[in-house]
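In order, the protein sequence lines correspond to chains L and Z.
Counting the first sequence from 1 gives a position; this note's numbering is that position plus 274.
Counting the second sequence from 1 gives a position; this note's numbering is that position plus 89.
Remarks on the structure that follows.
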Amino acid sequence: MFKHLGIVGAGTMGRGIAQLAALSKIDVQLYDVNETILRRAIERIKADLRKMINLGNLPHEEFSATLERIRTRTSLPDLGHCDCIIESVIEDIRVKKDLFKHLDANTKSTAVLASTTSSLSITSIAAMTRNPERVIGLHFFHPVNTAVLVEVVKGYKTNTETLDRAIEWVKLLGKYPITVKDTPGFIASRISLPLFSEALRLLGENVAYAEQIDNIVKKIGGFSTGPFETLDEMGIDSALAETESLYDQSYGEPRLRPHPILKQMVESGLLGKKSAKGFFNYEEMK
Amino acid sequence: MKKNKKKPEKNTKTTAKVTEASSKSTRKEVPRTPSLLTKKHDLQKVEVPRSQESYKSDKALVYLVGEAPMVEQYAELCIAHGYDVCVSWNEPLTKKQNTLSPGIIISSTVPENISVAIELTNIDVLTKKKNLEKLAKALPETAPILSSSITITATEQSAWIAGKHRLVGIAALPTFIDKPLVEVAPTIYTPMETLEVVSRFFLTLGKEIEIVQDRVGMVLPRILCQVINEAAFAITEDIAAPDDIDKALTLGMHFPLGPIEWAEQIGLDQVYAVLKALHTDLQEERYRIAPILKQMALTGVWWKQSSTH
Chain L
275 MFKHLGIVGA
285 GTMGRGIAQL
295 AALSKIDVQL
305 YDVNETILRR
315 AIERIKADLR
325 KMINLGNLPH
335 EEFSATLERI
345 RTRTSLPDLG
355 HCDCIIESVI
365 EDIRVKKDLF
375 KHLDANTKST
385 AVLASTTSSL
395 SITSIAAMTR
405 NPERVIGLHF
415 FHPVNTAVLV
425 EVVKGYKTNT
435 ETLDRAIEWV
445 KLLGKYPITV
455 KDTPGFIASR
465 ISLPLFSEAL
475 RLLGENVAYA
485 EQIDNIVKKI
495 GGFSTGPFET
505 LDEMGIDSAL
515 AETESLYDQS
525 YGEPRLRPHP
535 ILKQMVESGL
545 LGKKSAKGFF
555 NYEEMK
Chain Z
90 MKKNKKKPEK
100 NTKTTAKVTE
110 ASSKSTRKEV
120 PRTPSLLTKK
130 HDLQKVEVPR
140 SQESYKSDKA
150 LVYLVGEAPM
160 VEQYAELCIA
170 HGYDVCVSWN
180 EPLTKKQNTL
190 SPGIIISSTV
200 PENISVAIEL
210 TNIDVLTKKK
220 NLEKLAKALP
230 ETAPILSSSI
240 TITATEQSAW
250 IAGKHRLVGI
260 AALPTFIDKP
270 LVEVAPTIYT
280 PMETLEVVSR
290 FFLTLGKEIE
300 IVQDRVGMVL
310 PRILCQVINE
320 AAFAITEDIA
330 APDDIDKALT
340 LGMHFPLGPI
350 EWAEQIGLDQ
360 VYAVLKALHT
370 DLQEERYRIA
380 PILKQMALTG
390 VWWKQSSTH
C-alpha cells in the first residue's frame, strides 16, 4: 500500500488532484515554484471543501484533517520519499522533459512518475529519465473532481509493475482507469476528434451553418452541446494548438489534419467565449 | 371515376396542427439551390396533399418502401400521427419479424392515391433506384417523394426519375426517427412548394426540420460514422479495448453513447454503407475505412456491450 503522493504544479489540475487525494485520505506533497501560487491553491481548496460541507457532502470535522494531509513544498527533493509523483505543469514538452530529468534524479527509484499531459507523448517525456519503465501518463479530465475517467497511458517502455501501480493509484483517487497506448490524442480526444473536424469540414464545404450543425448534433445525436459551442467554450486557439500537436506527432495523418477555419479565426482574434466572439457571438452576455 | 375530385375539407386534424407551427418554418437560412432561390411562396397556403376519394378513408396516405427496420419505424410514427400507412420492404419478411401495428397495410404495388411517399434504402442502391422508378410512375404530380440520401445524394437520385420536382432527400438511419429533428436536403430541382409540403408533413409528425445541402452523408451520419470509423482504427491498432473506448467517450467526452454501442444500434452494415459512400464521393484518404470495420460489417459480427469481459 502506498501512502505518499507528490504533485508537481499547483494549477487547476494539480490542485484538484491534491484535493481528491486528501479527501481519499492520502498524504500529499504539493510542489510549485513559489509560495504565492501554493497559497492561492490552498485557498481554492479550502473554498471547495467549505462548499462541500455546505452541500452536506463532507462532515464538518473532516475539514482540517483533509487540509492537514496537504503539505506545500517549494523544493523538489522534499518529494523524494513519495511513492508516486504526478506532474501537472504547463503543456510544453521542453518544460516537462526538464522536470522529469529532475524528478528522476531526486526521487526514490521505485516511485511511479506520472504526467497528466493531454496531448504530449509519454514516450518522449520518459526518454529523459534513466528509468523510463517507471514513467506513465495519467490523463485526468476537466473538471477533475467530478470527471470520473482517467486514461492510464503506457509509454513505449513503461513496465507492467508501473502500470498496475498507476491503476491502483487512480482507483484510490476514486476514478475509473482505462489503459491506453501512447499514441497522439490517446483515446478520448482522438476518437472524439471527428466530431469537431467533420463539423468544421461540413461548415467549410457549406453543407450547413454552424448553428444548424450544433442543432443537429444535439437534437438527433443526443449530445448536450454542439461541436461549435464546445470549441467556443474551450477556446479556438487551444483547439488549434491541440490539433496541430496531434497532426505533427502523427507525421501528417490526414484524419488528424487541423482545419484552416480555426487558423483564420485565431488570426482574426475570434477565440471563442473568452474573446466574446467565436463561431457564435457572446457580446450581449458580457 | 372520381379520381380527380378533391376531398372535402371534412377532416382538418392534421391540417390544423400544421398551420399552428407553420410560422416556425419561415427560416432565415435560405437554402442555396437554384430552384429554391428563384421564387417565393405563401407558406400559409401549403398543406400536405389530401388523399383522393377513391381511397376509403378521410386520412392522407403515406407509402413507405425500403429497408425493413426503418420502414417499420416510420410506419409506426406515421400511423400514430393520424396517417393511413401502406408499406413494402426490399426483402420479404417472415411472419415473426412482422410486428406492425394493426391498420398498416402491406402492399408491394403502389396505390395511386398517395399523399407522401418515403423511400428508405441506404445499402442497396440498385434496389433504391427500382423503388424510386416505381414510385415516380405511380405517384401524382403533387405528392412529394422523400428519399434517404446519405449514401447517394438526392440530386443524383432525381436523375433516375421523371417528375424530379417531387424528390427531396432526408437523413434516415435506424434510431434517427425517434429524434425530434430531421435533416432534409432539397435537390437542385426541388421547388419551394415541395419543400414546404415536406416541412409541413414532418411538423404533423411532431418533428422540426433542418435544411442542409444535398451531400453524401449529410450532417450527422457523416460525423457519427467518422467517429465510429476512428474507434475502429483505434481497435485495429490495439490502442485500447472496445469496452474501454465506449467508457472513454461517455465518461470523458460526454458522448450520449459510446461509438461501439452506437454502431451496434444503427447497424454496422449501415455505418459501412455511409463510410463507403463518403470515401467514394470525397476521394480522400481521411475517409478510408478501418479494415476491422469493413470485415465485421461484411460478416455481420460486432462487439456487443461488455462481450469482451
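Virtual Cβ for every residue (Gly too), placed ideally from N, Cα, C.
**Message:** So Q359 (chain Z) contacts chain L; which residues on that side make the cut at Cβ distance below 8 Å?
**Reply:** Think of a sphere of 8 Å around the beta carbon of Q359 (chain Z): no beta carbon from chain L falls inside it, the nearest being about 15 Å out.
**Asked** Between the stretch 364-387 of chain Z and chain L, which residues of the former have a C-beta closer than 7 Å to a C-beta of the latter?
**Response** So the close ones are E373, E374, R375.
**Message:** Spatial neighbours of E507 (chain L) within its chain, please: C-beta separation below 8 Å, excluding the five flanking residues on both sides.
**Reply:** Residues T499, G546, K547 of the same chain have their beta carbon placed closer than 8 Å to that of E507 (chain L), with the five preceding and five following residues left out of the count.
**Asked** How would you write the range of the beta strand (DSSP E) that F414 (chain L) sits in, first residue to last?
**Response** Where F414 (chain L) is concerned, the enclosing beta strand (DSSP E) stretches over 409-414.
**Item:** Interface residues of chain L facing E348 (chain Z) [CB-CB closer than 7 Å]
**Value:** Rather than Glu, the amino acid found at residue 348 (chain Z) in this sequence is Pro. Within 7 Å Cβ-Cβ: I465.
**Asked** Mind pulling the beta strand (DSSP E) runs of 3 or more residues that sit fully within the stretch 416-490 of chain L?
**Response** Considered as a whole, the stretch 416-490 of chain L harbours 423-428, 450-455 as its complete beta strand (DSSP E) runs of no fewer than 3 residues, in chain order.
**Request:** Give the interface partners of K219 (chain Z) over in chain L, defined as CB-CB distance under 9 Å, in chain order.
**Result:** Those within 9 Å of K219 (chain Z) in chain L number zero; the least Cβ separation is about 28 Å.
**Message:** Using only the alpha-carbon positions, how far apart do F381 (chain Z) and F322 (chain Z) sit?
**Reply:** The question names Phe, but residue 381 (chain Z) in the sequence shown is Ile. Taking the CA atoms as reference points, I381 (chain Z) sits about 8 Å from F322 (chain Z).
**Item:** Identity of the residues DSSP links to K551 (chain L) by a beta bridge
**Value:** Bridge pairing for K551 (chain L): L:G546, L:N555 [DSSP].
**Prompt:** Taking Cβ-Cβ distances shorter than 7 Å, what residues in chain Z pair up with P528 (chain L)?
**Reply:** For P528 (chain L), the neighbours in chain Z by C-beta distance under 7 Å run, in chain order, E373, E374, R375.
**Request:** State the Cα-Cα distance for the pair E335 (chain L) and K428 (chain L), rounded to the nearest angstrom.
**Result:** Straight through space, the alpha carbons of K428 (chain L) and E335 (chain L) are spaced by roughly 39 Å.
**Asked** On the three-state DSSP scale, how would you describe E374 (chain Z)?
**Response** Here E374 (chain Z) sits in helix by DSSP.
**Prompt:** For Q384 (chain Z), which three-state DSSP category applies?
**Reply:** Assigned with DSSP and collapsed to three states, Q384 (chain Z) falls in helix.
**Item:** Cut-off 6 Å between Cβ atoms - residues of its own chain near V214 (chain Z), not counting five sequence neighbours on either side
**Value:** Hits under 6 Å: I241.
**Request:** Output the residue ranges of the beta strand (DSSP E) runs that lie fully inside the stretch 317-402 of chain L and measure 3 residues or longer, sorted by chain position.
**Result:** With a minimum length of 3 residues, the unbroken runs of beta strand (DSSP E) contained wholly in the stretch 317-402 of chain L fall at 344-347, 358-361, 386-389.
**Request:** Starting from L297 (chain L), trace the alpha helix (DSSP H) both ways and give me its first and last residue.
**Result:** Per DSSP, L297 (chain L) belongs to the alpha helix (DSSP H) from 286-297.
**Request:** Provide the residue span of the beta strand (DSSP E) that contains Q303 (chain L), from first to last.
**Result:** Its beta strand (DSSP E) spans residues 301-305.
**Asked** Identify the residues that DSSP records as bridge partners of S237 (chain Z): which are they?
**Response** Beta bridge pairing from DSSP links S237 (chain Z) with Z:I259.
**Asked** Under three-state DSSP, which class holds E201 (chain Z)?
**Response** For E201 (chain Z), the three-state secondary structure derived from DSSP is coil.
**Prompt:** Around the C-beta of G543 (chain L), are 16 or more other C-beta atoms found within 10 angstroms, so that it is buried, or is it exposed?
**Reply:** Around the beta-carbon of G543 (chain L), fewer than 16 other beta-carbon atoms lie within 10 Å, marking it exposed.
**Asked** For the alpha helix (DSSP H) that contains W391 (chain Z), what are its first and last residues?
**Response** Counting along the chain, no alpha helix (DSSP H) covers W391 (chain Z), and no H or E run does either.
**Request:** Tell whether a beta-carbon distance below 8 Å holds between I277 (chain Z) and A260 (chain Z).
**Result:** The answer is no: Cβ separation not under 8 Å.
**Asked** Can you give the Cα-Cα distance for H254 (chain Z) and L514 (chain L), rounded to whole angstroms?
**Response** Each residue's Cα considered, the two are about 43 Å apart.
**Item:** Residues that A462 (chain L) contacts on chain Z, provided the C-beta gap is smaller than 8 Å
**Value:** The answer, in chain order, is A337, L338, G341, M342.
**Prompt:** At a Cβ threshold of 8 Å, is L304 (chain L) touching chain Z?
**Reply:** No, its Cβ sits nowhere closer than 8 Å to a Cβ of chain Z.
**For S196 (chain Z), the three-state DSSP class (helix, strand or coil)** = DSSP, reduced to helix, strand and coil, places S196 (chain Z) outside both helices and strands of the structure shown, so it counts as coil.
**Message:** Does the contact criterion of 3 or more C-beta pairs under 8 Å hold for the stretch 446-463 of chain L versus the stretch 280-297 of chain Z?
**Reply:** The count of Cβ pairs closer than 8 Å, one atom from the stretch 446-463 of chain L and one from the stretch 280-297 of chain Z, stays below three, leaving the stretches out of contact.
**Item:** V282 (chain L) in three-state terms, based on DSSP
**Value:** Shown here, V282 (chain L) sits in a strand according to DSSP, grouped into three states.
**Selection from L:E479, L:E435, L:V409, L:S393 that minimises the alpha carbon distance to I461 (chain L)** = In terms of Cα proximity to I461 (chain L), the closest of L:E479, L:E435, L:V409, L:S393 is L:S393.
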